[in-house]
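Numbering (the numbering used here), first residue to last: 1 to 648. Think of the CB as a built atom: it goes at the ideal place given N, C-alpha and C, for glycine as much as any other residue. Given the structure is predicted, the values throughout are model-derived calculations rather than measurements.
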RNA sequence: GCUGCUGUAGCUCAGUGGUAGAGCGCACCCUUGGUAAGGGUGAGGCCGGGAGUUCAAUCCUCCCCAGCAGCACCA
């Protein structure tokens, strides 16, 4: 048998027979290592202890101390252990797939009766039993036909379909956790006992489509989270609890920002406090847009279907549109309108008024455009995903050769705003050409190239979403993350070659001939509603002073100080600071607690001492310490703090 | 839209086949208290909507609506 040379992390090399497994290698070093090993890293690849190594390679033996490898294996083995547990309890349940995800894993099952929360408890108990059995994990590569036959014999149709979709050149690998067998590419632990029995928890069960296809069977997906020990699991569950506390729906109620009700699903009733955030943010955006060279317009909400037919929305987007039919008494036919789901067609109408010259380009046309979309009921989520919302929308009409410069300018514009609003970090996703698209490959090449090089020139990296572009052009998406790690697309920039064509937008070039402009659809916040939701969660309700709906509460400690409190509040209001009075017949402790819970950034408490000194006792949100400062000083301080970042 | 769960006072939630309860909040009274809940009294509910079973439904069944989790969707 031929020999191969394995190089260890410390640089040492040893020779082994070709086909040696990491288990053999570990055993050759120390029996204790062989026992506690969980996997190997061979030439950078995560390697099962049972897989043979046939060539010279670098090798590292992983133990539970190697967090990344250990977490992946633990979660992956738990997926198998859970599937085994489920089939041991309910032998007729069909298994499908069970990958590792963030913080844990899931496994999709086909079973008629739904899993109940009690079932999850049963499964968890069974899983712990399996772990305690310390069953050996074993693997074999099978012949494709044998694997298919096996799963046909054992009546596992989803597995048959999986095998048939594995490319012909790939091996079909089987794994056994004890007696229980599953198709799996591996790697896995050496035995089930290597899984920490107190480091995991089954979290929830929900429907999920087979292969992510809503036309296919709906399966039941059980989610679990897993960590290397009890403490880490506890920390994770704790984090989830903390995240739930900053849910914008909860804080929206507590801070009296908005509400929603059955009669208007997916639409927001803004209360005074919430609307103050909204208008403050809008005022800020308006100033930024003016500086950024945009002109602002406003266009109709209810627009005849003729325009939507021309734009292509009627054909491609109708099921997401609110259709408004009007029987006009004296009209000969029924007028059919739609609430605008997007602003772009209306903006082209504005653009098309009068002849445009190449000298007018780029023309950046902005609108705080109120849109309505009939979103699927299951998609609605607080104020983050709604049916009525306002975009900070703009369309840049430009020449093809201006795409790159405009894109770069936009990314810089957006990142400055995100920074002002407290988001230093955001992800950029780049979606390139989909299979069905309009426009020539040559034009797509140019547009994709322009977006990519503009992103790089602005100093950002992007993640590629292959084939996810719109049919009319490639796009950039700017993504922020909420309190529990869910991503929300906020900003976007989409190149559009199609709409100017469909709505016949043009400009007169230097050559005196008509040319077609390109449109860049772009938004920074995306929608005010979603963005405010993210702001609330990101700051856990403790908005920066300039955005806080209630900035100051002036609270009397004794009622003899009421008159002075009125003076203080009036003085602050004269400086444009949002100050409220609390002269209620309550103790200062009570008032402090209530306004702290209400996330008011500054409480100014006044008793007789303050009345006499013309001072205030300042308590900042989140600080236990108070300080007494003069009225003049606090007015000056808070006046400065109340300025929006662009005015400071 | 799909699967599952949920819907009782403004909020958070108990509860029962014989039309309801707590805490907080709210109102009033007492209390003027120095930085995260002072005390008392009281008001407040078509038990999400509709139909059915029943002598009787908030409770059981069916349909609808809305919310929650996940999936799909987000051109």
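Distance CB(residue i)-CB(residue j) smaller than 7 Å
i: residue 498; j: residue 538; result: no
i: residue 6; j: residue 57; result: yes
i: residue 280; j: residue 547; result: yes
i: residue 474; j: residue 432; result: yes
i: residue 649; j: residue 490; result: Summary: the structure shown does not reach residue 649, with the chain confined to residues 1 through 648, and so no result is reported for it.
i: residue 80; j: residue 177; result: yes
i: residue 9; j: residue 47; result: no
i: residue 588; j: residue 553; result: no
i: residue 657; j: residue 107; result: What is shown of the chain runs 1 to 648, which leaves residue 657 out entirely.
i: residue 347; j: residue 395; result: yes
i: residue 353; j: residue 369; result: no
i: residue 338; j: residue 503; result: no
i: residue 450; j: residue 404; result: yes
i: residue 650; j: residue 534; result: Residue 650 cannot be examined here, being either before or after the span of the chain that is shown, 1 to 648.
i: residue 631; j: residue 614; result: yes
i: residue 163; j: residue 147; result: yes
i: residue 84; j: residue 104; result: no
i: residue 510; j: residue 358; result: yes
i: residue 406; j: residue 525; result: no
i: residue 119; j: residue 219; result: no
i: residue 284; j: residue 540; result: no
i: residue 171; j: residue 141; result: yes
i: residue 4; j: residue 27; result: no
i: residue 393; j: residue 343; result: yes
i: residue 255; j: residue 599; result: yes
i: residue 321; j: residue 341; result: yes
Supposed contact pair residue j and residue i - C-beta distance, whole angstroms, cut 8 Å
i: residue 592; j: residue 561; result: About 15 Å separates the two Cβ atoms, so there is no contact after all.
i: residue 429; j: residue 367; result: So it is not a contact: roughly 25 Å between Cβ atoms.
i: residue 363; j: residue 508; result: About 13 Å; that fails the 8 Å criterion.
i: residue 578; j: residue 550; result: 6 Å
i: residue 305; j: residue 336; result: 5 Å
i: residue 188; j: residue 382; result: Contact flag wrong, Cβ pair sits at about 40 Å.
i: residue 125; j: residue 88; result: Between residue 88 and residue 125 the Cβ distance is about 11 Å, and since that is not below 8 Å, they are no contact.
i: residue 434; j: residue 468; result: 7 Å
i: residue 197; j: residue 128; result: 5 Å
i: residue 583; j: residue 605; result: 12 Å between Cβ atoms; not a contact.
i: residue 408; j: residue 457; result: 5 Å
i: residue 139; j: residue 175; result: 5 Å
i: residue 158; j: residue 78; result: No, residue 158 and residue 78 are not in contact; Cβ-Cβ is about 20 Å, not under 8 Å.
i: residue 380; j: residue 207; result: Actually they are not in contact, since the Cβ atoms of residue 380 and residue 207 sit about 17 Å apart, beyond 8 Å.
i: residue 387; j: residue 372; result: 6 Å
i: residue 287; j: residue 646; result: 6 Å
Residue range of the unbroken alpha helix (DSSP H) whose run includes residue i
i: residue 478; result: Taken as a continuous stretch (DSSP letters only), residue 478 belongs to no alpha helix (DSSP H), being part of the beta strand (DSSP E) at 475 to 481.
i: residue 441; result: 441 to 457
i: residue 71; result: 67 to 89
i: residue 650; result: Residue coverage of the chain in this structure runs from 1 to 648, which leaves residue 650 outside it and unanswerable.
i: residue 513; result: Segment: none, residue 513 is in no alpha helix (DSSP H) and carries neither H nor E.
i: residue 46; result: Per DSSP, residue 46 belongs to no alpha helix (DSSP H); it is in the beta strand (DSSP E), 45 to 47.
i: residue 97; result: Where residue 97 is concerned, there is no enclosing alpha helix (DSSP H), given that its DSSP letter is neither H nor E.
i: residue 637; result: 631 to 641
i: residue 409; result: 403 to 420
i: residue 166; result: No alpha helix (DSSP H) holds residue 166; DSSP gives it neither H nor E.
Span of the beta strand (DSSP E), counted from its first residue to its last, around residue i
i: residue 226; result: 218 to 226
i: residue 106; result: 104 to 110
i: residue 304; result: 302 to 304
i: residue 614; result: It is not in any beta strand (DSSP E) - residue 614 carries neither H nor E in the DSSP assignment.
i: residue 716; result: The question about residue 716 has no answer, for the chain in this structure spans 1 to 648.
i: residue 41; result: 39 to 42
Practice task
Enumerate, from N- to C-terminal direction, the unbroken alpha helix (DSSP H) stretches of 4 or more residues contained entirely within the region 232 to 291.
Solution key: Whole alpha helix (DSSP H) segments, 4+ residues: 248 to 254 and 272 to 291.
Exercise for the section: Determine, using beta-carbon pairs with one atom in the region 367 to 384 and one in the region 412 to 419, whether at least three such pairs fall under 8 Å. Expected result: Fewer than three Cβ pairs drawn from the region 367 to 384 and the region 412 to 419 lie within less than 8 Å of each other, which leaves the two stretches out of contact.
Practice task
Could you pull out every unbroken alpha helix (DSSP H) segment of at least 4 residues lying fully inside the region 311 to 374, listed in chain order?
Solution key: 313 to 316 and 344 to 351, all fully within the region 311 to 374.
Exercise for the section: Note down, one range per segment and in chain order, each alpha helix (DSSP H) of at least 4 residues found wholly within the region 178 to 212. Expected result: List check, alpha helix (DSSP H) in window: nothing returned.
Exercise for the section: Take every Cβ of the region 520 to 530, pair it with every Cβ of the region 613 to 633, and state whether three or more of those distances are shorter than 8 Å. Expected result: Segments in contact, no.
Handout entry: At least 3 beta-carbon pairs within less than 8 Å: the region 55 to 71 vs the region 214 to 229
Key = Segment contact: the region 55 to 71 against the region 214 to 229, three or more CB-CB distances shorter than 8 Å; contact assigned.
Practice task
Determine, using beta-carbon pairs with one atom in the region 129 to 146 and one in the region 189 to 200, whether at least three such pairs fall under 8 Å.
Solution key: Proximity of the region 129 to 146 to the region 189 to 200 meets the contact definition, three or more beta-carbon pairs being nearer than 8 Å.
Practice task
Pick out the complete beta strand (DSSP E) segments inside the region 495 to 569, 3 residues or longer, and give them in chain order.
Solution key: If we require 3 residues or more, the beta strand (DSSP E) runs fully inside the region 495 to 569 come out as 518 to 527 and 552 to 556.
Practice task
Entirely within the region 127 to 153 and at least 3 residues each: give me those beta strand (DSSP E) ranges in chain order.
Solution key: Taking only runs of at least 3 residues, the beta strand (DSSP E) segments lying wholly in the region 127 to 153 are 137 to 142.
Practice task
Identify every run of the alpha helix (DSSP H) within the region 570 to 602, keeping only runs that are complete inside it and at least 4 residues long; order them along the chain.
Solution key: Counting only runs of 4 or more, we get 588 to 597.
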